[in-house]
Amino acid sequence: MAPEIKSHGTALYIPANDNNTAPSQLLTTPKLPRRLLRRLLECKSPPISAQDIDAKLRDANQRRQQFYESLASKARTKSRSRACSSPKEKGIAWQLETKLNAAEQKRLSLLKNIQNRLARTDELRQAAKNGVEMCFMRKCDELGAKVKSRAHQAEVNRMLLLKDCRQRRAAKRERAVQSLMRKMIQESKYKECVRDAIHQKRAAAENKRLGLLEEEISRARARSLKVQLVANSVYNQRETERNKLKNRLEDRLQRAKRLRTEYLRMRASLHFPSRASSEMIKHGELLSSKLARALERCADLGTRSIVNSTSRSSGISFKSLGKTSEKSRTTLTSPTVSYLSSLATTVIKNPIHPSDFKSFLAFNAEMIHDNPVLL
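Counting with full-length UniProt numbering, you get residues 1 to 375 for the letters of the sequence shown.
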């Protein structure tokens with residue numbers, strides 16, 4: 001019996017998806033059978049591409065051709081070398097050849113089956129790929145439509161939110177403007193009230209000030225009228241007293257003139273004019289000294305300086321006068337001093353007789369005492 005030739009089948013794994021497709025996407029395709037899905041799920045090795053399968057097929061074909069060539073070369077050498085062999089060997093060769101033909105046919109049938117299976121697998125893979133691509137495209141379209149709808153809805157919502165935000169901002173701005181306007185109106189009203197109150201207070205103060213000013217002016221006018229009345233009364237009184245004094249002075253001057261004329265007449269009646277003149281000079285010096293002592297009793301230092309100046313201008317010396325006491329000094333007015341100076345000048349220029357000197361002094365003392373202007 002001829003030995004059996006056992007042929008071992010070759011198991012090939014052909015993935016139904018490309019590198020870009022994931023197994024999770026294949027689970028969603030309903031066209032794949034459960035066996036392929038289970039194999040795809042159980043496969044943990046990296047997926048094999050179509051280029052790798054083609055390279056493996058080419059290598060297997062080359063090895064097969066080399067094997068067939070080696071077998072053919074062995075058969076030819078044996079047939080040539082043993083051409084005159086026995087019929088037994090011919091039977092063995094025929095059996096070997098039949099076995100080789102059977103093996104070749106079996107190989108061809110296996111190769112055809114493998115090619116058919118590979119074609120079916122390729123068709124399944126292509127169908128699965130197309131299904132996955134169609135499902136992916138459909139899902140992409142659905143997702144695109146959903147994304148577009150969601151984007152449109154988001155844009156609409158964004159526009160609505162933006163519009164709402166703008167409306168809220170406008171309402172807030174309007175409320176702020178209205179509150180500011182109300183505040184400005186309240187401030188203007190308050191300022192107006194304050195201004196009116198200040199104006200009223202100023203008007204009341206001005207009226208009060210004008211009233212006080214008018215009262216003060218009226219009081220000042222009344223005081224000025226009183227002062228004018230008093231001044232007029234004093235002036236009139238002094239004017240009357242001055243007129244009386246003037247009249248009395250005129251009377252006394254007339255009397256003095258008469259006394260002087262009598263004295264001159266008495267002096268002219270004397271027989272010795274030189275002796276009479278010397279006696280008159282002595283009497284004049286005596287009278288001047290007495291008048292100076294009388295004036296010293298009622299004059300102070302200021303009046304004495306004026307009298308001294310008058311005496312120096314008239315040529316009379318008061319060095320012989322003694323110092324007056326401080327208690328006997330009285331302050332005299334300028335009319336009194338001028339009157340005494342004129343009286344001293346008159347006595348010096350016109351000496352008075354000793355008999356008339358007492359009456360002259362009494363007359364002048366009474367005149368000074370009665371006249372308030374000369375005091």
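Note that beta-carbon positions come from the ideal geometry of N, C-alpha and C, so glycine has one too. No experiment lies behind these values; they were computed from the predicted model shown.
Residue i, enclosing alpha helix (DSSP H) - first and last residue
i	result
Ile48	It is not in any alpha helix (DSSP H) - Ile48 carries neither H nor E in the DSSP assignment.
Pro87	Pro87 to Ala268
Residue i versus residue j - alpha carbon distance
i	j	result
Arg158	Lys183	36 Å
Ala103	Ile114	16 Å
Lys129	Ala55	22 Å
Ala145	Gln153	12 Å
Ile306	Leu210	Any reading at Ile306 must be qualified, since the residue scores a pLDDT of 40, below 50, and its modelled position is unreliable; no value is offered.
Lys106	Gly131	36 Å
Ala197	Leu212	22 Å
Val230	Glu214	24 Å
Leu124	Cys165	58 Å
Met181	Arg150	45 Å
Glu69	Arg58	16 Å
Ser188	Val177	16 Å
Lys226	Arg258	47 Å
Ser49	Leu108	25 Å
Ser79	Asp52	Note on Ser79: pLDDT 48, under 50, position unreliable in the model; no value is reported.
Asn247	Ala222	37 Å
Leu27	Ala60	Summary for Leu27: the model assigns pLDDT 42, below 50, so the residue's position carries little reliability; its value from the coordinates is reported in the next sentence. Looking at the two C-alpha atoms, the distance is approximately 33 Å.
Leu162	Lys191	42 Å
Arg173	Val156	25 Å
Chain B within 8 Å of residue i, Cβ atoms only
i	result
Tyr68	Among the chains of the structure shown, chain B does not appear; only one protein chain is present.
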